[in-house]
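Below, the structure is given as C-alpha cells:
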C-alpha cells in the first residue's frame, strides 16, 4: 500500500507560510477581474462546458483555461463543475461565480477522460444522441490508446485534444472527428511572493521540477532530474538549488518518503509537497531560473508550456506532447531512448513504450545555462514569443469557433441572450 502521511509529517513538507501569504483564494488565485464587454467573437450558438472546474489537477486546470478563453472572448458558454469521486481536492473557486446548474445549449464540451466518462455522464445528466452533440476533450500520455477506454467512443460525436501526440493515438482507434485545439495560455495574477517566501536564496541559480504523485512518479521521473542535477554540479559548492515541488504526497506516503530519502543525500535539493493557489504558483515560477522535466511521456505538458509562456528556459525530454511547442530554438531538447513500460508503472502499460531520457545530456544543458546566462535569457525570450503566438486565446478560439459553427450548421441551438454575461479578463 502507498499509505497516507499522518498530519505532523505532512505539515513539514509544505512551504513555510508567513503572514505575507494571506490573500483571497477567489479571484486573485487566477488573476480574474470581472468586466462586462462586447463579445469578441461573432456567435451563432453556444456550448455547455463540463469539467473539474474546482479541482486541483491538470485536467481541471486545462478545463479552467478553456472556460476562461470562452468567457474572455464573449462566446456564449454555460459552465458546470463535475462532481465525481476522484482523489483531488476541490479548492479552486475562481470560476464559481460563473458556474451554472442547468445547461443552456445542446452542444456539450466535456473535459473528463474515458475512465470516468460513464460516471460523469450520469452525474451531469447528459445523454448522447438525439439533439445533443457531445464533444470529449481527452488526454492520454502513451502511444497506444487504452482498449479499456474504447467504450467511451460510442458516447461522443467528436473528440478534441491538445497535441498531435494524443491526436495520433486516437486516430489509430476511431473514425470520429478528432480536432487539435491550442491550449489557451494566460498570464494570471502574481501574488508578489519572493524567493525568501519559498525558502530560496537570492543568489542561487534555481532549477525547478514539479509533478503530482497522482499522475504517476514513474512517468514524471523526478529521479532523473536529481541525477542530472548532481551530474551537472558535482563539486557541491556551486551556488545552485534544485527545487522539486510535488502534490498529493500525503496520499502516496511510501513514494513520498522514498523521494525524500534520495533528495536528502544532497543539501542543495529541496522537496516541497504542497498545492499552491494560482497566484502563488505564478510567483514561484517567476522566482525560478530553469524549468526541468525529464518525463517519460506527456499528453501535452502544461507545466512546461506555462514556464515557457513566462519566458523561462526549459530543459525537457524531446518526446511526446510537449513537442507540440518545444523546438531546438526555444528550449533544450534532451535525447532519449524508447523502453518498455513495466507492469505497475502506469495504467494500461501492457505492450506500451515510453522515453528514457539521457540524464547526462540534461546535465550538459543545465550546466550550460548556469554558465551562460545570456543563452538562458535568449531561450526564454524565444519561448515566450512562440507561446504567445501559438497558444493565445485567439489561436484557441479560431479553432473552437470553427468547430462549433460546423456543429451549429447541423441544428445546434441558438444562444440564450442572457449568456453574454460578465467575463473574466486575465491580467498579464
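Residue numbers (the numbering used here): 938 to 1365. Ideal Cβ positions, reconstructed from N, Cα and C, are used throughout, including at glycine.
* Asked: If you check the beta carbons only, do residue 1070 and residue 1094 fall under 8 angstroms apart?
  -> yes
* To do: Inspect the beta-carbon positions of residue 1231 and residue 1294 and report whether they are closer than 8 angstroms.
  => yes
* **Helix, strand or coil at residue 1227 [DSSP, three-state]** => strand
* Asked: What are the start and end residues of each continuous beta strand (DSSP E) run of 3 or more residues lying completely inside the region 1061 to 1107, in chain order?
  -> 1070 to 1074, 1095 to 1098
* To do: Count the CB pairs spanning the region 1246 to 1257 and the region 1136 to 1143 that are closer than 8 angstroms, and state whether there are at least three.
  => Fewer than three pairs of CB atoms, one per stretch, sit closer than 8 angstroms, so the region 1246 to 1257 makes no contact with the region 1136 to 1143.
* Give the secondary structure of residue 975 by DSSP, where H, G and I count as helix, E and B as strand, and everything else as coil. => With a pLDDT of only 46 at residue 975, under the threshold of 50, the placement of this residue in the model should not be trusted; the figure read from the coordinates follows. Three-state DSSP puts residue 975 in coil, outside helix and strand.
* Asked: Are the region 1031 to 1040 and the region 1003 to 1015 touching, with three or more C-beta to C-beta distances below 8 angstroms?
  -> Flag = yes, the region 1031 to 1040 and the region 1003 to 1015 touch.
* **Residues bridged to residue 1044 [DSSP beta-bridge criterion]** => 1070
* **Buried versus exposed, by CB contacts within 10 Å (16 or more), residue 1176** => exposed
* Asked: Can you list, in chain order, the stretches of the beta strand (DSSP E) that have 3 or more residues and sit fully within the region 1125 to 1194?
  -> 1142 to 1149, 1177 to 1184
* Asked: Helix, strand or coil for residue 988 per DSSP?
  -> In this structure, DSSP gives residue 988 an extended state, which the three-state scheme calls strand.
* With 16 other Cβ atoms within 10 Å as the buried cut-off, status of residue 1268 -> Under this definition residue 1268 is a buried residue.
* **Simplified DSSP assignment, three categories, for residue 1210** => strand
* To do: Take the Cβ of residue 1066 as the centre, count every other Cβ of all protein chains shown within 10 Å, and call the residue buried at 16 or more, exposed below.
  => So residue 1066 counts as exposed.
* Asked: Taking the DSSP output, what are the residues bridged to residue 1336?
  -> Residue 1336 pairs with nothing; no bridge assigned.
* The alpha helix (DSSP H) enclosing residue 1009, as first and last residue numbers -> 995 to 1009
* **Three-pair Cβ contact test at 8 angstroms for the region 1221 to 1236 versus the region 1095 to 1112** => yes
* Alpha-carbon spacing of residue 1127 relative to residue 1272, whole angstroms -> 34 angstroms
* **Neighbourhood of residue 1145 by C-beta distance below 6 angstroms, restricted to the same chain and skipping five residues each side** => 1180, 1225, 1228
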